[in-house]
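Read the structure below first, then the notes.
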Amino acid sequence: MLHVRIASVLGQPQQMRIIPTVAHASSTIPRSPSSIRPSVTKPSKLSITTPLLRAMGGLGGPSPRGYARGSLRVSAEASSNNDGESVPGPEYRRCVGVCVVNAEDKVFVARRADLPSVGAMNGESERVAWQMPQGGVDEGEELESAALRELKEETGMTSAHILHSLPHWVTYDFPPALMAKWLSEGRGWGGKYKGQAQRWFLLRFTGGEEEIDLSGIGEAREFTEWKWMPLEDLPEWVVPFKKDVYTEIASNFGGFLKAEQAAADKVGDA
1 MLHVRIASVL
11 GQPQQMRIIP
21 TVAHASSTIP
31 RSPSSIRPSV
41 TKPSKLSITT
51 PLLRAMGGLG
61 GPSPRGYARG
71 SLRVSAEASS
81 NNDGESVPGP
91 EYRRCVGVCV
101 VNAEDKVFVA
111 RRADLPSVGA
121 MNGESERVAW
131 QMPQGGVDEG
141 EELESAALRE
151 LKEETGMTSA
161 HILHSLPHWV
171 TYDFPPALMA
181 KWLSEGRGWG
191 GKYKGQAQRW
201 FLLRFTGGEE
211 EIDLSGIGEA
221 REFTEWKWMP
231 LEDLPEWVVP
241 FKKDVYTEIA
251 SNFGGFLKAE
261 QAAADKVGDA
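First residue of the sequence shown: 1, per full-length UniProt numbering; consecutive thereafter.
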């Protein structure tokens, strides 16, 4: 069994920076070059799983298996936490990323509502406009809570629980052309950030696909359509400036899921 310890804090880049420490679905699902088809999971009678409630602080008891909880809070000015963990500087917007897998270990991805024009501007194909849910962390907000909040706001999912998390921050820089476009539209946080620093969480979705809602749940709509795909295919379906981050996620989370399956198989053979 893997154990992950999470410390308490929480253009196109040349390299990913790693700072060590941790509408409803569209009726038309686009086909990928590898003919990816959506997988249908059985509906769950529970809208929120017990591990999810525990992660949100709603229940007592142990943390979900494979996930070490702590006081993961964001400080806008911090350069290290109490355990000596290095954290990104203020030029990076602090965020969480959410990798959600279904019962078949396929990952949820959705098409960005605002990126097709960027793809056309950079001469990129339509399939680079897909990504996993992510979003900013509020001052003082725990990272686990931010991940669950962003997942609900962007996808409507609540029937999910945390399995694992990346044990370090990853960062990427915004391409200059994208920043210029955002600023011309009054977006991009006024040019305050050069990129984003993320902490990633792996979650298991146990609900039915009717739960998925891309309307934004009162927030601005992020996505137009969604699908499930193999985790290892992720890096080929994102904008180039996020490719290194997604490669890291696919490697780390893919390894965790394989180890989890191997452990389950061993128990089954006992």
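Just so it is clear, CB atoms sit at the ideal spot from N, CA and C, and this is done for glycine as well.
The model shown is predicted, which means the values in this text are computed figures rather than measured ones.
Provide the residue(s) that pair with residue i in DSSP beta bridges, ordered along the chain.
i      : result
Gln198 : Cys95, Val170
Met229 : Val107
Arg112 : Phe223
Pro130 : What sits at residue 130 in the sequence shown is Trp, not Pro. BP columns for Trp130 point to Arg111.
Val101 : Val107, Arg204
Ile162 : Leu203
Gly136 : Cys95
With respect to the alpha helix (DSSP H) encompassing residue i, which residues constitute its N-terminal and C-terminal limits?
i      : result
Gly255 : 243-269
Lys181 : 176-184
Can you round the beta-carbon distance between residue i and residue j to whole angstroms, since I take them to be within the 8 Å contact cut?
i      : j      : result
Glu222 : Arg112 : 7 Å
Arg93  : Ala259 : The Cβ separation is near 32 Å, so there is no contact.
Trp228 : Val107 : 7 Å
Asn252 : Leu166 : 6 Å
Met179 : Gly190 : Not quite, the Cβ-Cβ distance comes to about 11 Å (not below 8 Å), so this is no contact.
Sort the options by Cα distance to residue i and report the nearest one.
i           : options                        : result
Val137      : Trp200, Ala270, Lys258         : Trp200
Ala177      : Ile249, Leu231, Phe256, Lys194 : Lys194
Glu91       : Lys181, Glu142, Asp173         : Asp173
Gln261      : Leu163, Val87, Arg149          : Leu163
Leu234      : Gly186, Met179, Asp114, Ile249 : Ile249
Tyr246      : Val170, Ser215, Gly268, Gly190 : Val170
Pro240      : Pro175, Gly186, Met229         : Pro175
Glu141      : Ile212, Glu153, Cys95, Ala180  : Cys95
Phe256      : Val238, Glu232, Gly268         : Glu232
Val109      : Val87, Ser86, Leu151           : Leu151
Glu144      : Lys242, Leu214, Leu202         : Leu202
Pro88       : Glu236, His168, Glu154         : His168
Ala103      : Ala270, Pro230, Glu236         : Pro230
Glu210      : Thr155, Glu185, Val267, Ser184 : Thr155
residue 271 : Asp105, Glu153, Asp244, Val238 : Beyond the ends of the chain as shown, which are 1 and 270, falls residue 271; an answer cannot be given.
Lys181      : Asp114, Ala264, Lys266, Gly268 : Asp114
Asp105      : Gly188, Thr224, Glu236, Gly254 : Gly254
Would you check if the stretch 98-111 and the stretch 130-140 touch, i.e. whether three or more CB-CB distances between them fall below 8 Å?
-> yes
Is the stretch 192-207 in contact with the stretch 155-165, if contact means three or more CB pairs nearer than 8 Å?
-> yes
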